[in-house]
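Novice: In the working numbering, the protein residues as written are 1 to 257. Built from N, CA and C at the ideal position, the CB exists for glycine as well. Just so it is clear, the structure is predicted and the values come from calculations on it, not from any experiment. Dumping the structure here so I can ask a few things about it.
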Ligand SMILES: [Zn+2]
Ligand SMILES: [Zn+2]
């Protein structure tokens, strides 16, 4: 198994002591784990915690611009360290959000150093007067734009919207079709239970859309745990062999986009 989504304690929401070395040790000691991609949050690299958790940068990207140099000075040594760990089958990735102007929370100059770029929706500005239909439309527009922004994987595709309203199979089908058209993978993410994952897996298998398996580990107790993934695949009436697993070109050497 390859874990394409794992955090270290560089991410504010992750447990202290969760280091790249911990993951390297897991790969070397657990024969079932072939490789791990470290995908820390752009928001944690580019913003101090008190700015990050306000989420204002999502609707005001000038905050990102003013933090860019500070974030770059943190991201450069982080990625340099991970680059040296490829020999340990620990690879550099990153998890970003898309801001209101379509830019991602990463300086573009670093994209070539990252083997897998995960784009996720963690927060969208809310309007208390908005009805459910408008929330769905706004999320759908944002997600489709994110899928076309140069990411490799859409992280936990239906987590945010599933917390707002029930997600129909028709909506799942539309997003999986968009993934097929854009050539990106959809993620089966083990950090939270999302009932839509079963529908997503079935449509991905039907349409041959790649699925990226990620634990999204934030705690030492979560690393290398694929139990949610196997249970969800079984619930979908599928086996691992029925699914087209995501495979980035950069597994053994850096990819140059
Ligand atoms: Zn995420
Ligand atoms: Zn994550």
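Output needed for residue 107: all residues of its chain with C-beta closer than 8 Å, excluding positions within five of it in sequence on either side, in chain order.
Specialist: 68, 71, 72, 75
Novice: Roughly how many angstroms lie between the CA atoms of residue 143 and residue 198, to the nearest whole one?
Specialist: If you take the alpha carbons of residue 143 and residue 198, they lie about 19 Å apart.
Novice: With residue 189 as the anchor, note down where its beta strand (DSSP E) starts and where it stops.
Specialist: Under the DSSP assignment, residue 189 falls in the beta strand (DSSP E) whose first and last residues are 185-189.
Novice: Within its chain, find whatever has a CB closer than 6 Å to the CB of residue 128; leave out the 5 residues flanking it on each side and keep chain order.
Specialist: none
Novice: Here's the rule: buried if 16 or more other CB atoms are within 10 angstroms of the residue's CB, otherwise exposed. What is residue 139?
Specialist: buried
Novice: Alpha carbon to alpha carbon, what distance is there between residue 169 and residue 233?
Specialist: 17 Å
Novice: Given a threshold of 16 other Cβ atoms within 10 Å of its Cβ, counted over all protein chains shown, does residue 92 qualify as buried or as exposed?
Specialist: By the 10 Å Cβ count, residue 92 comes out buried.
Novice: Should residue 250 go down as buried or exposed, given a rule of 16 or more other Cβ atoms within 10 Å for buried?
Specialist: Its pLDDT being 43, under 50, residue 250 is placed unreliably by the model, and the measurement read from it follows with that caveat. The residue in question, residue 250, is buried, as its Cβ has 16 or more Cβ neighbours within 10 Å.
Novice: In whole angstroms, what is the alpha-carbon distance linking residue 113 and residue 174?
Specialist: 31 Å
Novice: Under a Cβ-count criterion, where at least 16 other Cβ atoms within 10 Å of its own Cβ denotes burial, should residue 141 be classed as buried or exposed?
Specialist: exposed
Novice: Which of the three DSSP states is assigned to residue 12 in this structure?
Specialist: coil
Novice: What does the Cβ neighbour count give for residue 179, buried or exposed, with the cut at 16 atoms within 10 Å?
Specialist: buried
Novice: Please list, in chain order, all residues with a C-beta atom less than 7 Å from at least one heavy atom of ligand 1.
Specialist: 95, 120, 122, 155, 156, 216
Novice: Touching or not, the stretch 114-122 and the stretch 147-165, by the rule of three or more beta carbon pairs under 8 Å?
Specialist: yes
Novice: Check whether the Cβ atoms of residue 87 and residue 24 lie closer than 7 Å to each other.
Specialist: No, Cβ-Cβ distance for residue 87 and residue 24 is not below 7 Å.
Novice: Use the C-beta contact count for residue 8: other C-beta atoms within 10 angstroms, 16 or more gives buried, fewer gives exposed.
Specialist: Burial is judged here by how many other beta carbons sit within 10 angstroms of a residue's own beta carbon; residue 8 has at least 16 and is buried.
Novice: Beta carbon of residue 49, beta carbon of residue 12: below 7 Å?
Specialist: Contact: yes.
Novice: Pull up the DSSP beta-bridge partners for residue 154, would you.
Specialist: DSSP output for residue 154 lists 119, 186 as bridge partner(s).
Novice: Are the CB atoms of residue 172 and residue 258 within a distance shorter than 7 Å?
Specialist: Nothing about residue 258 can be read from this structure; the chain reaches only from 1 to 257.
Novice: Over the uninterrupted alpha helix (DSSP H) stretch that includes residue 71, give me the two end residues.
Specialist: 62-84
Novice: Could you check the C-alpha separation between residue 222 and residue 20 for me, to the nearest Å?
Specialist: 14 Å
Novice: Ends of the alpha helix (DSSP H) at residue 97?
Specialist: Where residue 97 is concerned, there is no enclosing alpha helix (DSSP H), given that its DSSP letter is neither H nor E.
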